[in-house]
Structure formats: C-alpha cells, structure tokens
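Note sheet for the following structure.
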Amino acid sequence: MKNYEFISKSIYFPKKRNLIIGDLHFGYEESLNRKGVAIPRIQLDSTIKDLNFIIKKIKKLDKVILLGDVRHSFNKISSQEIEGLRKIFELFKIKFPKIEIIIIKGNHDNLLRILLNKEKLDNIKLVDYFLEDKILFFHGDIKSFKKIEIVKKKAEILVIGHFHPSIKLSDGIKVEKYKCFIEGRLDNKKIVIVPSFFPLIEGTNIFENEELESYKIKDKRLFVISPDQKVLNFGRIN
Amino acid sequence: MMENMINYVTPDDGKSIKRILDPLVEEWFFSRFKDFSNAQKYGVMNINNRKNILISAPTGSTKTLTAFLSIINYLVQLARKEELDNRVYAVYCSPLKALSNDIYVNLEQPLEQIRNIANEKGIKLQEIRVGLRTGDTSIKERAEMAKNLPHILVTTPESIAIILNSPKFIEKLNLLEFIVIDEIHSLAENKRGVHLSLSLERLQEISVIPLTRIGLSATVAPLENIAKFLVGTERECLIAIVESTKEIELDVLSPIKNILEISEEGLNKNLYNLLDKLIQKNKTTLIFTNTRAATERLVHRLKEEFPKKYRDNIGAHHSSLSKDHRYDIETRLREGKLKVVVCSTSLELGIDIGFIDLVILLGSPKSVSKAIQRIGRAGHQLHSTPKGKFIVSDFDDMVECSVILKNSKENIIDEVHIPENCLDVLSQQIFGMSINKIYNVEDLYKIIKQSYCYRDLLREDFLAVLSYLAGEYKVQINNLYPKIWYDRENNTIGKRGKLARVIYLTNIGTIPDEGFISVLDRSGNMIGKIDELFLEKIKKGDIFVLGGKSYKFLYVRGMKAVVTPSSSPPTIPSWFSEILPLSFTTAMEIQKFRRKMDEKFRKNKKEAEILEFLKEYCYLNDSASLTLLDYFKRQWKYSKIPHEKKIIIETYRSDKTYIIFHGVFGRRVNEALSRSLAYIIASVRKRDVEIGVGDNGFFITGKELNIDSIEKGFKKIKKEDLRRILEESIEKSEIFKRRFRHCAGRSLMILRNYKGDKKSVGRQQMSSHFLLSAVLKISKEFPIIKETKREILEDYMDLKNTEKIIEQVNKNYIEIKKIESKLPSPFAINLILQSHSDVIRIEDKIDFIKRIYKELERNEKL
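Chains S and A, in that order, give the protein sequences.
8 is the number of the first residue of the first sequence in this note's numbering; add one for each residue after it.
74 is the number of the first residue of the second sequence in this note's numbering; add one for each residue after it.
Structure below.
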C-alpha cells in the first residue's frame with residue numbers, strides 16, 4: 008500500500024497532509040540575463056499556474072515541503088527570487104491559512120536564511136532535512152547524504168529532489184523528453200526521486216546522469232508526467 | 074527607372090588610361106607590364122571618372138590591380154603636390170582575412186616601387202600608407218592606425234562594422250571617396266553581405282562625398298542584381314564583363330568503366346590509382362573534395378597507398394585546420410614546393426596560390442559558378458592552358474558533372490540568391506547606429522531602405538525591430554536591456570546603457586558559432602563530422618547516415634563519436650549535410666537533359682546514335698558517354714525516366730513504405746516540397762511523417778502510407794498556400810530550433826560574449842531553447858521569430874522556385890505518373906541512401922506519450 012500519491016510534478020501524503028515540491032530554481036531567468044541572454048520572464052507565472060492546478064486537487068493541507076534548490080543563483084540575491092517566494096507562500100496561505108512551510112536546503116541555497124530574514128519570512132522553517140513518520144526528506148546532493156547519516160536509521164522511505172529526473176522517449180522516428188519520478192531501493196530503504204518543479208526545461212535524462220548512477224539504486228520504477236499533468240506508470244526499468 | 078541605372082560598358086583602347094596616369098605611375102606600370110589587361114581597359118578609366126562599377130572577371134585576370142590602379146594614381150598625384158591628408162581615402166573590403174600576400178603584391182609592392190622611381194628621379198613624394206585591419210589586428214596596431222591613418226584601409230566586412238562604431242575613425246572617414254568590395258558574389262549570397270550592404274549605407278552617411286563603389290566578382294548571374302547590391306537603390310552602376318581568355322580543357326572521368334560492378338574498396342583503389350596517374354603527369358595539382366572529412370581521408374590514403382611518392386609534398390587545406398597550417402600550405406603551394414594540395418572548398422576564393430596546371434573536382438561542385446571558379450584556379454597566368462577534371466563517384470554524380478561541364482562551356486550560369494529584409498541583421502545594425510547618435514526614425518528608415526537588401530522593407534517590420542530593441546515586447550526587464558530608447562513623441566531613437574558599445578563590439582557579425590564532433594571508426598579513421606547538437610539526440614546502438622553511408626553509434630570518447638559501419642536502415646534521422654545543395658539552374662538543366670534522354674528511348678533510337686548525342690550534348694569522352702547511356706538504359710528498362718515535364722512517384726516497400734518523388738529540383742526546393750506535402754499528410758493522419766530529401770527528389774516514409782491519397786495531397790497544394798503551410802510545418806522542426814539560435818545571436822538576444830564571459834555552442838543552444846519557448850508564449854509575430862521563418866523558407870529553402878514548380882503542377886505543365894517497384898529503381902537508389910531526413914511533427918507531446926504508453930501496456934500483456 009502506498010502512503011502517497013503523485014499529483015502532476017508533486018507528491019501528496021494524505022495521512023500527514025504534506026505536499027512535496029521539487030527544485031524551483033527561482034531567479035533562473037535573471038541569471039541568464041546577467042550572462043547576456045534577453046530572456047522574457049515567464050518562470051513565475053508558469054510555476055504559479057502549475058501550483059494552482061495541484062492546490063485545486065487537494066482538500067486538506069498542513070505542510071508544504073520544498074525539497075531544496077529554491078534559488079538558482081549561487082550568489083547575489085535577485086528581486087525575481089524574492090518575488091517568487093512571496094507569491095507562492097501567499098498562494099498557499101489563501102487556501103490553507105494555517106499552513107506550515109518547510110524549506111530543505113539545497114546546494115544552491117546558501118544565503119537563503121539571510122534572504123528569508125530580510126524579507127520577514129522568518130516563520131518559514133529552513134532545515135537540512137526533515138524526518139516525520141519514518142519518512143526522511145532531504146535534498147539529494149552529496150553533502151545532504153552525509154548530513155542525514157545520523158538519522159538514516161529511523162527512516163524507511165527517502166524522498167529527494169536534486170537530480171531533475173527526466174526521460175527521453177522514442178518511437179524510432181522522434182525523441183521527446185518528459186519529467187518523471189523514480190521509485191527504487193537504496194540501502195534497504197525505499198527511495199523516491201522527485202522531478203524539478205522548474206517549468207520549461209524537463210531535466211536531465213536519468214540514463215545520462217553519472218551522479219545518479221553512482222548511487223546504484225535498485226529496482227527502479229518510472230512514473231512519467233505527461234504535459235496534461237497525468238502521471239503514467241511506466242513500470243520497471245530494464 | 075531602376076533598369077536604366079545599370080549599363081554595360083565597353084573596353085577602352087588603353088590610350089586614355091595612359092593619358093590620365095601620373096608619369097611616375099606610368100613609368101612603374103610599364104616597367105612591370107607590357108600593356109593594360111582586359112580588366113584594366115574596362116575598369117581604370119571609369120573608376121578614375123568616379124563611376125560605380127561592377128567588374129566580373131575570371132580568377133587571375135588582374136581584377137584587384139584594376140581596382141587599385143586609379144586609386145594609386147590619384148593618391149600619387151596628391152602625394153606629389155603634398156596634398157595628402159591624414160585621413161582614409163579608400164576602403165578595400167574582402168571576405169577573407171588571409172590577404173596579406175595579395176595586398177603586398179597588388180598594393181604595397183607597387184607603392185614601394187613607385188617610391189623608388191621617385192627617389193631615383195629626386196622627386197619628393199609624401200608617404201602613402203596602407204593599413205590592414207582584420208579581427209587579427211592587435212590592439213597596439215589599431216591604436217597606431219588611429220593616429221597615423223592609412224590612406225587605403227584593407228579590411229573585412231566585420232571590421233568595417235567595428236570601425237563604424239569607433240569614434241576616432243568615424244571622423245576620419247567623412248571624406249572617404251572609394252570603396253572596393255572584392256569577391257562580392259560570395260558575400261551577396263548570405264547574411265554577411267546583407268550586413269555589409271547596411272555598413273555601406275552607414276559609410277555613405279558619414280562621408281560627405283558620394284562614394285565610388287567598385288565591386289569585383291567572379292562569373293555569376295544575374296550580374297544586374299549584384300550591381301544593385303553594390304550600389305543600393307537609386308544610384309547608377311556600370312557593369313564590365315571581362316571575358317576569359319583562358320581556354321579550359323575540361324573532362325569528366327570515372328575511376329572505372331562500370332560503377333556498379335565493383336566493391337566499395339575496389340572503387341577506392343581505382344580512384345587512388347587514377348589520381349596518382351594524373352598527379353604524376355602534372356607539375357602541381359589542386360583537388361577539391363567538398364568536405365573536410367573527405368579531404369583528410371584522401372591525403373591519408375594517398376600517403377598510405379604511395380608512401381614513396383607522397384610525403385612532405387602533399388598537403389590538406391580546409392577551414393577546420395589552424396590558421397598557421399593553412400598559411401603554411403598556401404605559402405608552400407605558391408613557392409612550388411607542393412606536388413598536390415587537397416582542399417574541401419577552402420581554396421576556392423581569391424588569394425594567389427601560384428601556378429597550378431591541374432584542378433580535380435572530386436564529386437560534383439553543385440553549381441556551374443563554383444565549377445568555373447575552382448577550375449579557374451588552374452593556370453593563373455594568362456598564357457598557360459589550365460586543365461579541369463571532374464572525377465565522379467556514382468551515376469548521379471556523373472549526370473550532374475556532365476551537365477555542369479556542358480553549362481560551363483556554354484556559359485549557363487546559376488542565379489545567385491540575395492537574402493532580403495533580414496530582421497536579425499537589421500537589429501544589429503540599428504543597435505550599432507544608435508550608439509553613434511540620436512536618429513530621427515524617418516531618417517533611419519530612409520538610410521536603411523537605400524540598401525538593396527532592404528529596399529522593400531515593410532514599415533511594420535522596421536517598427537517591430539525598433540520595438541524589440543526598445544524592450545517593448547516584455548522580453549527585457551532589467552537594466553541590461555532594452556538596447557535602445559525609443560521616443561514615440563519625438564519619433565527618435567538613441568543609445569541606452571553604458572555597456573552598449575562594448576556589447577556591440579564584442580558580439581557583431583553574422584556567422585554563427587558551430588560545434589562539431591568528429592566521427593571515427595573503431596580503428597580511429599576519420600569518417601566525418603556531426604553537429605554537437607545531434608549528439609544529444611542519439612543513443613547507443615542508433616543507426617544514422619553520414620556522407621551517404623550508414624553507421625551504428627557506439628560511444629563518445631572525449632570529443633569524438635565512435636561508430637561502426639552498418640547495413641541496417643537508419644533508426645534516427647540525420648539532419649545535417651556539409652555538401653552544398655545543387656543549384657536550381659543546374660538542376661533544371663539536368664531535368665532538361667533527362668527529358669532529351671527519355672525522348673531518345675521513346676523513339677527507339679539506336680545506342681550508337683544516343684552515344685553520339687551524349688558526346689555532342691555534354692562534350693563527353695567515349696567512356697563517360699557509355700556509362701551515362703548504361704545508367705539511363707537501366708532506368709528506362711526497369712521503370713520510367715522522370716524529367717522536367719514529368720514527376721514520377723515510385724512506391725517501394727521494405728519494412729517501411731517509401732513513397733519516392735523523382736524530381737531534380739535541388740535540395741532547397743525539394744526540402745520545401747517534401748515538408749509541405751508531409752505536413753498535409755501528417756495533419757490528416759494525426760501522426761508524424763518521416764521525410765528524406767536530396768537534390769534529385771525526396772521521399773516520404775512510414776507505415777500504412779497510401780500512394781493515392783499522397784498524390785491527391787500533392788496536387789492539392791496551391792501556390793498561394795505554400796508559405797503558410799511551410800511556416801506551420803517547420804515550427805516544431807530541428808531546423809527551426811537551430812536557425813532560431815543563429816537569428817537570436819545575430820539580433821543580440823543571446824550575447825555570445827558578455828562581461829568577459831564567452832558562451833560555448835552548447836550553452837548558446839541551452840539559452841536558445843529556453844528563449845524560444847518563452848518567446849513563443851509571448852508572441853508568434855516577434856520579429857526574430859519572423860526572421861527565423863523567413864531565413865528557413867527563403868534562404869535555407871527556395872520558396873520562390875518551389876512556387877514555380879507547384880504552379881506548373883497545378884496547371885498540368887508537369888504531369889505526375891505513379892509506379893510501384895519491387896526494388897528501388899536505379900534513379901531511386903542514391904536518393905534513398907544519400908538523403909538527409911527530418912520528421913514532420915504533428916503529434917503533440919501528450920498524444921505521443923499516450924501512444925508510447927499504450928504500446929508499452931500491450932507489450933506487457935503479451
């Protein structure tokens with residue numbers, strides 16, 4: 008029996024009323040601008056549209072857990088990031104006024120504490136990992152794996168982001184890329200890898216991701232997200 | 074009115090030239106030459122009289138000195154009177170950077186020798202300075218140049234654009250009198266030329282003197298258009314056609330008598346033996362191979378096959394080799410130290426390469442003007458008889474080369490296509506202009522419309538570009554963008570941002586960055602190159618076509634892809650081709666030739682008679698005529714011969730159904746025909762359709778295709794709808810993504826260089842991918858999207874001639890015949906093998922995943 012369900016690119020835990028969101032990478036466009044690309048700003052609008060779709064499907068929600076890499080830039084805080092964070096928090100508060108928001112630190116998230124304090128968003132929890140009901144949420148980069156060593160024993164399920172899993176499907180004529188979830192087993196625990204929430208770019212092909220392969224995850228199952236938000240069970244990977 | 078402004082000139086007898094020459098120049102000239110050359114008789118007086126002139130002449134006919142003689146004479150006269158100022162009098166612009174030797178011979182050496190004569194005679198002469206400025210000129214040299222200005226500035230189109238935004242230089246260009254554009258034909262046909270045409274108008278805007286414009290061109294057609302390109306609208310231009318005095322000895326050779334009855338390796342062996350024989354018979358040989366990979370391969374194999382004959386006396390020359398290597402080869406070639414040089418296409422233009430007695434074209438040069446230009450590299454001295462040999466690799470190549478040979482002899486020259494109204498280049502130039510000063514929008518529009526390439530520029534397109542640059546498309550928000558301000562109240566535009574000048578200087582140009590990956594076989598032999606981006610599409614085990622052969626992809630090592638030959642059909646379409654498309658003019662001549670051959674067979678002519686016809690019509694030797702006869706006979710017996718009045722649709726089934734359209738229209742037209750048809754079929758079936766495109770036709774392939782509905786679909790395409798259908802059909806294509814990156818780069822939406830950061834092709838593509846999906850969400854009318862479509866339809870494809878073909882089909886001037894065949898007909902074989910292909914996408918991502926998912930479910934149940 009599964010104690011969670013996939014809703015579009017997110018995971019919902021009905022028992023604990025938790026919603027899990029993958030990497031957001033706010034400020035991506037601004038960082039491109041800084042490198043000399045005249046990119047229009049549509050990341051925020053698309054993110055909110057996708058979140059709205061998910062919120063509509065949920066009746067009860069106590070916690071939102073962001074799996075890290077909320078920011079894209081490694082340095083310099085941009086106005087786009089601040090606006091992004093504010094908007095999505097408001098979005099959840101309107102429908103679920105008592106909602107708790109937990110951000111798990113990702114490898115892109117230095118300076119995040121300062122940003123939250125400065126913007127008086129200090130009611131938001133910022134943590135290295137979050138353990139609840141034998142489910143351990145953390146970002147998924149090498150450093151975060153080290154940080155969870157002490158609590159790992161208590162967990163039965165690991166939920167991570169970071170890898171931006173996606174898959175190339177081909178019928179021999181053309182190739183298309185889709186975001187996907189991966190379920191599998193790692194050190195006798197179940198692991199779920201959540202795709203990035205970031206719109207427009209699908210992510211990294213799971214078969215070409217050396218970092219991911221180095222973990223030797225067993226019994227991988229694939230859940231592919233169709234652009235109409237349906238999640239399709241593609242079964243075991245051979 | 075325009076038509077009257079172009080006039081053809083007759084040559085002078087040389088007497089009046091003598092009359093105008095300064096005694097010093099005259100003495101120098103006749104110390105070096107017996108008499109004025111033909112080109113000089115046409116050009117010198119007219120340039121002296123400040124007439125705009127386009128001089129069309131074969132290579133090696135002293136064109137360059139023709140352009141310079143009047144200018145040198147004028148400057149010497151001034152120098153004698155001590156009236157030479159510290160400013161630029163003439164700009165000479167060439168597409169090539171590596172010019173130093175030519176400039177030395179045609180400019181610096183004459184000036185030096187004239188100075189010596191003056192010294193001997195005790196005549197005081199001011200120094201006449203020549204300055205070379207290209208992308209390779211150092212900062213120190215440039216600073217020196219800004220102080221002591223060259224009287225004659227030698228440069229490239231890109232460097233002109235830079236000079237136009239250097240305040241110190243601009244002041245000294247306000248009395249510019251002459252501009253010489255060398256190899257103008259090679260610029261006019263692409264966006265470098267479009268860019269240059271605007272730079273010329275900017276130069277004219279700066280100079281208070283009406284510029285005397287001098288264009289030097291190889292043999293191309295129509296010359297009127299090149300002349301108009303040179304002078305812009307509402308200015309007069311003379312055209313001088315300098316006939317070639319060279320008799321070129323031309324021949325088509327095949328390595329073996331019967332191309333079919335021998336293995337690939339056997340064919341190669343024969344080819345190397347034939348090449349060796351020809352090389353040994355001559356003093357110096359230049360070989361053109363069309364591609365970089367073939368160049369490398371040939372040099373390698375000649376050294377391997379004949380280790381004693383070819384060692385240090387053979388050289389490779391192509392654009393991927395280092396500048397130093399190329400320079401070394403050019404120098405040694407000129408000095409006569411090389412027996413043979415193999416190049417891709419890189420030695421086609423300009424620079425003096427010394428005396429060559431034989432030029433070999435390995436494979437079709439794809440157009441008559443390219444053939445003439447390449448063969449023209451032989452001799453290069455007015456009295457020697459150059460030889461040109463076409464060596465063919467298959468039957469179609471033989472047909473092509475034979476018709477090209479005929480047309481070269483009969484002077485049936487290909488039409489040059491000059492791109493027009495390019496909005497990306499326009500964006501870049503307007504950005505540059507705005508940095509210099511504030512423009513009234515109306516004045517700006519007028520200046521731009523003086524360029525031939527923008528004479529028909531629509532007001533709405535012009536204003537859309539201003540809106541883009543001014544950031545009115547919500548594309549740009551933070552302080553870097555917008556690039557200009559646009560004051561609608563006062564109707565003016567101007568520069569915005571402190572970095573504008575730096576951004577302009579480090580990002581101008583029209584040639585996109587490309588990343589290529591070498592493809593090797595397991596023993597490390599070079600097979601060819603594929604686009605870096607193609608590598609993203611390809612999986613281990615995929616089979617793709619490269620250079621007409623199938624390969625299975627194994628793995629990537631470093632920056633190299635390793636493959637192994639395969640006999641299975643391709644599993645992934647390859648959408649690249651290094652080889653130029655066949656020109657439409659030549660293609661139509663082949664169609665005509667096919668019709669003539671068809672008539673012979675229809676009328677049951679005897680073989681001997683057909684052979685006679687071949688020898689006479691194509692100037693062929695006995696053996697080549699026999700090969701051609703054999704090829705057409707096979708097609709006639711097995712199937713039908715398609716030609717200019719008959720398109721044949723051939724159906725052939727293997728694991729897939731191939732519906733093959735036989736029509737030699739060249740790849741640019743076939744690309745448009747196949748995509749529009751495939752789009753219509755795909756829309757009806759709601760499934761993607763795969764296409765293959767070649768110079769001799771195209772095919773549509775897939776499962777469950779119905780030939781009758783495809784024929785109906787083809788006949789349904791109307792001339793008026795073609796543009797719309799094509800625009801829709803390319804929206805999701807690979808070519809669109811690729812060309813968008815190029816256009817986004819040229820219009821400075823993606824800056825290749827920014828704040829010391831240089832973007833790799835991969836990074837540019839990433840940005841471009843993201844940018845494209847974002848821009849499409851905002852507006853499909855965005856000028857750079859519009860330009861991407863225009864570039865694909867008009868430059869990459871050939872919309873205009875495709876419309877002509879469609880019209881002829883609609884009016885039944887071209888009939889359509891259907892045939893079924895068990896095996897591909899002789900004409901179809903290469904078409905299937907050598908086509909490069911693409912997918913016409915109609916099925917969206919949702920339907921695609923649903924279908925794949927269903928197939929998966931079905932398989933699980935089995």
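Virtual Cβ for every residue (Gly too), placed ideally from N, Cα, C.
Keep in mind that this is a model prediction, so the values were computed, not measured.
Nearest candidate by alpha-carbon position, reference residue i, set the options
i	options	result
residue 842 of chain A	S:44, S:9, S:234, S:16	S:44
residue 147 of chain S	S:126, S:170, S:157, S:158	S:170
residue 214 of chain S	S:99, S:222, S:49	S:222
residue 410 of chain A	A:774, A:356, A:329	A:356
residue 524 of chain A	A:261, A:775, A:480	A:261
residue 490 of chain A	A:396, A:293, A:135, A:80	A:293
residue 513 of chain A	A:794, A:562, A:545	A:562
residue 236 of chain S	S:57, S:108, S:98	S:57
residue 206 of chain A	A:462, A:219, A:227	A:227
residue 326 of chain A	A:435, A:161, A:295	A:435
residue 270 of chain A	A:257, A:712, A:280	A:257
residue 225 of chain A	A:165, A:815, A:238, A:192	A:165
residue 508 of chain A	A:235, A:147, A:80, A:85	A:235
residue 312 of chain A	A:415, A:125, A:732, A:478	A:125
residue 633 of chain A	A:623, A:607, A:845, A:846	A:607
Residue-level contact to chain S via CB, residue i, 8 Å cutoff
i	result
residue 823 of chain A	yes
residue 918 of chain A	yes
residue 321 of chain A	no
residue 922 of chain A	yes
residue 929 of chain A	yes
residue 761 of chain A	yes
residue 624 of chain A	no
residue 925 of chain A	yes
residue 425 of chain A	no
residue 830 of chain A	yes
residue 559 of chain A	no
Buried versus exposed call for residue i [16 or more other C-beta atoms within 10 Å across all chains shown]
i	result
residue 531 of chain A	exposed
residue 748 of chain A	buried
residue 837 of chain A	buried
residue 861 of chain A	buried
residue 13 of chain S	buried
residue 737 of chain A	buried
residue 399 of chain A	buried
residue 52 of chain S	exposed
residue 80 of chain S	buried
Beta carbon proximity, residue i to chain A, threshold 8 Å
i	result
residue 234 of chain S	yes
residue 219 of chain S	no
residue 30 of chain S	no
residue 229 of chain S	no
residue 241 of chain S	yes
Could you name the residues of the region 38-67 of chain S whose beta carbon sits closer than 7 Å to any beta carbon of chain A, in the order they occur along the chain? So the list reads 39, 40, 42, 43, 44, 45, 46, 47, 48, 49, given in the order they occur along the chain.
Could you name the residues of the region 835-853 of chain A whose beta carbon sits closer than 7 Å to any beta carbon of chain S, in the order they occur along the chain? So the close ones are 840, 843, 844, 846, 847, 848, 850, 851.
Closer than 9 Å, Cβ to any Cβ of chain S: which residues of the region 399-418 of chain A, in chain order? Cβ proximity to chain S below 9 Å picks out nothing from the region 399-418 of chain A.
Could you tell me which uninterrupted beta strand (DSSP E) segments, each at least 3 residues in length, are contained entirely in the region 126-179 of chain S, listed from first to last along the chain? Fully enclosed beta strand (DSSP E) runs of 3 or longer: 132-134, 136-139, 142-145, 164-167, 172-177.
Using a beta-carbon distance cut-off of less than 7 Å, what residues from the region 94-125 of chain S approach chain A? So the list is empty, because no residue satisfies the distance condition.
Segments assigned beta strand (DSSP E), at least 3 residues, entirely inside the region 534-612 of chain A: You should have 557-560, 565-568, 589-593, 599-604.
Alpha helix (DSSP H) runs contained entirely in the region 112-155 of chain A, provided each spans 4 or more residues: Counting whole runs of 4 or more residues, the region 112-155 of chain A contains the alpha helix (DSSP H) stretches 136-153.
Given a limit of 8 Å on CB to CB distance, which residues of the region 728-748 of chain A reach chain S? So the list is empty, because no residue satisfies the distance condition.
Taking a Cβ distance cut-off of 7 Å, strictly less, list which residues of the region 172-189 of chain S are near chain A, in chain order. Those residues of the region 172-189 of chain S that come within reach of chain A (Cβ to Cβ, closer than 7 Å) are 176, 178, 179, 180, 181, 182, 183, 185.
Against chain A: residues of the region 190-216 of chain S by CB proximity under 8 Å: Within the region 190-216 of chain S, contact with chain A at the beta-carbon level (separation under 8 Å) is assigned to 207, 208.
Anything in the region 491-522 of chain A with a Cβ closer than 7 Å to a Cβ of chain S? List those residues in chain order, please. Nothing from the region 491-522 of chain A brings a Cβ to less than 7 Å from some Cβ of chain S.
Can you list the beta strand (DSSP E) stretches of 3 or more residues lying completely in the region 48-104 of chain S, in chain order? As far as the region 48-104 of chain S is concerned, its whole beta strand (DSSP E) runs of at least 3 residues are 70-73.
Only counting runs of 3 or more residues, tell me where the beta strand (DSSP E) segments fall wholly within the region 411-457 of chain A, in order along the chain. As far as the region 411-457 of chain A is concerned, its whole beta strand (DSSP E) runs of at least 3 residues are 413-416, 431-435.
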